[in-house]
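Let me begin by presenting the structure, written as structure tokens, before commenting on it.
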Amino acid sequence: MARPGILGVGASVPEKRLTNHDLEGMVSTSDEWITQRTGIRERRILREGEDPTVLGIEAAQGALTAAGLGAEEVELVITPSNVQIMPVPGSSALILSGLRVRDGPRANHVPFFDIVAGCTGFIYALEVARHMLYGGYRHILVIGLEALSRFTNWQERETCVLFGDGAGAVVVGTVEGERGILSSYLAAESAKWPLLQVEAGGTQLPASRETVAAGQHFLKMEGRGVFEEAVRMMEEASLRALEQAHVTKEEVAWYVPHQANLRILKAFARRLNIPWSKVLVNIDRYGNTSTASIPLALAEAVRDNRLRKGDLVVLAGFGAGVTYGASVIRW
Ligand code: UT7
Numbered sequence: 001m002a003r004p005g006i007l008g009v010g011a012s013v014p015e016k017r018l019t020n021h022d023l024e025g026m027v028s029t030s031d032e033w034i035t036q037r038t039g040i041r042e043r044r045i046l047r048e049g050e051d052p053t054v055l056g057i058e059a060a061q062g063a064l065t066a067a068g069l070g071a072e073e074v075e076l077v078i079t080p081s082n083v084q085i086m087p088v089p090g091s092s093a094l095i096l097s098g099l100r101v102r103d104g105p106r107a108n109h110v111p112f113f114d115i116v117a118g119c120t121g122f123i124y125a126l127e128v129a130r131h132m133l134y135g136g137y138r139h140i141l142v143i144g145l146e147a148l149s150r151f152t153n154w155q156e157r158e159t160c161v162l163f164g165d166g167a168g169a170v171v172v173g174t175v176e177g178e179r180g181i182l183s184s185y186l187a188a189e190s191a192k193w194p195l196l197q198v199e200a201g202g203t204q205l206p207a208s209r210e211t212v213a214a215g216q217h218f219l220k221m222e223g224r225g226v227f228e229e230a231v232r233m234m235e236e237a238s239l240r241a242l243e244q245a246h247v248t249k250e251e252v253a254w255y256v257p258h259q260a261n262l263r264i265l266k267a268f269a270r271r272l273n274i275p276w277s278k279v280l281v282n283i284d285r286y287g288n289t290s291t292a293s294i295p296l297a298l299a300e301a302v303r304d305n306r307l308r309k310g311d312l313v314v315l316a317g318f319g320a321g322v323t324y325g326a327s328v329i330r331w
């Protein structure tokens, strides 16, 4: 049987490391607090003037190489992201133009769009790509791109220790046999959107001197509230997706939860009653990279040969909105 699946995965992170010790010199925090409360030791941050588009292009090229495809074979680009490189056009346009998709069947006519669905954006985009494949597309790039450091208040210790920059991409295409995306469950509790927000810069509060002075362009979060929702939502989504795929949680080789906090990942594993050794973790080295966190973890696991063809994988996420969801994939 042929069905939509992942043909290749790639990732890219900025060169600059920001360690917990570096942060000790910036806000009133400590390596001990950050490590114990979040599991993060360091994160990658774009230098001033560095263009995040490059991360998206590199991740996309990595995914294409892994899939054995050239950029000219891409037929659609979807970028789930919480940061816009520019308000208009979408980040996909800039990545696509950098990929130089010139000679393929659709030449300069490759369509694109961005998806804003919080940190669950990658799982949402994967599901959209899956359906577009049934609609006739053959190779779709899904690129989780984040540069949250540019929306971080570097004087606010509650948030600035958490986030990191990076990009992770997959090529979605048709795979044979038992492999492919077996199921997907998407959900949201939109009444809870105030838990995570950037207040200004949209129509509600257009950018002005006042909004800049009041710090309203920075990401704001009710950490504790998000924490509690996150564990419940990722558990629920995973169980529903497993049920839809007609597989049991014991058959799963790897769980890949959105990397928001090591304590959230551990609580997720406890609630599901799954062995911790089956959870892919990269938050220690990259922090919370939002829509890039899942493909980044997948790219690493493929590279070091932990994730192999035929493995059953569960992706689970939650994020601003409040969105949540999960996918079950036979790799
Ligand atoms: O992708 C989705 C995005 N967001 C998330 O997933 C975030 C989910 N939430 C979390 O990860 C956690 O709630 C945090 C890591 C944000 C906070 O951990 P917590 O265990 O919930 O701590 P808390 O907010 O209850 O704060 C405990 C204390 C407070 O001090 P007092 O009031 O007890 O004196 C904070 O002011 O820790 C203080 N604190 C810090 N201390 C040192 C908060 N941030 C820091 C810090 N360094 N960076």
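Numbering-wise (our numbering), the sequence shown opens with residue 1 and increments by one.
The beta-carbon is built from N, C-alpha and C at its ideal position, and this holds for glycine as well.
Spatial neighbours of residue i in its chain, beta-carbon cut-off 8 Å, leaving aside the 5 residues before and after
i, result
"Leu133", "Pro4, Ile140, Val172, Gly173 and Thr174"
"Gln36", "none"
"Leu196", "Gly118, Leu219, Lys220, Met221, Glu222, Val226, Gly319, Ala320, Gly321 and Val322"
"Gln61", "Gly10, Ala71 and Leu99"
Distance cut-off 8 Å: residue i Cβ against heavy atoms of ligand 1
i, result
"Ala71", "no"
"Leu196", "yes"
"Arg43", "no"
"Val279", "no"
"Asn288", "yes"
"Thr29", "yes"
"Leu76", "no"
"His21", "no"
"His131", "no"
Neighbourhood of residue i by C-beta, 6 Å cutoff - its chain only, sequence neighbours within 5 removed
i, result
"Glu58", "Ser12"
"Gly201", "Ala207 and His217"
C-alpha distance - residue i paired with residue j, whole-angstrom precision
i, j, result
"Val170", "Val161", "28 Å"
"Ala93", "Phe112", "7 Å"
"Ser97", "Lys192", "36 Å"
"Pro89", "Leu148", "18 Å"
"Pro295", "Gly168", "5 Å"
"Ile45", "Ala297", "17 Å"
"Pro194", "Gly177", "44 Å"
"Arg330", "Val54", "30 Å"
"Ala125", "Ile34", "31 Å"
"Val74", "Val128", "16 Å"
"Leu312", "Glu300", "16 Å"
"Ala391", "Val116", "The structure shown does not extend to residue 391, since the chain spans only 1 to 331, so no value can be given for it."
"Val281", "Asn261", "10 Å"
"Ile123", "Arg303", "21 Å"
"Leu64", "Leu7", "8 Å"
"Ile283", "Arg43", "8 Å"
"Ala326", "Tyr255", "10 Å"
Own chain partners of residue i with C-beta closer than 7 Å, once the 5 adjacent residues on each side are dropped
i, result
"Val231", "Ile264, Ala267, Phe268 and Arg271"
"Glu158", "Gly223"
"Ala292", "Gly144, Leu145, Glu146, Gly166, Ala167 and Gly168"
"Asp31", "Asn20, His21 and Glu24"
"Trp154", "Met26 and Cys160"
"Thr152", "Thr159, Cys160, Phe163, Phe218 and Leu219"
"Ile85", "Pro52, Thr53, Ser91 and Leu94"
Per-residue burial, residue i [other beta carbons within 10 Å of its own, 16 or more giving buried]
i, result
"Thr79", "buried"
"Val212", "exposed"
"Ala2", "exposed"
"Ala241", "buried"
"Asn273", "exposed"
"Thr120", "buried"
"Asn82", "buried"
"Gly49", "exposed"
Three or more beta-carbon pairs under 8 Å between the segment 19-34 and the segment 69-89, yes or no?
Taking 8 Å as the limit for Cβ pairs, the verdict is that the segment 69-89 does not touch the segment 19-34.
With three or more C-beta pairs closer than 8 Å as the rule, is the segment 38-45 touching the segment 278-292?
Result yes; three or more Cβ-Cβ pairs closer than 8 Å.
Under 8 Å, with one C-beta from each stretch per pair, do the segment 239-248 and the segment 175-192 reach the 3-pair mark?
Judged by Cβ distances under 8 Å, the segment 239-248 makes contact with the segment 175-192, as three or more pairs qualify.
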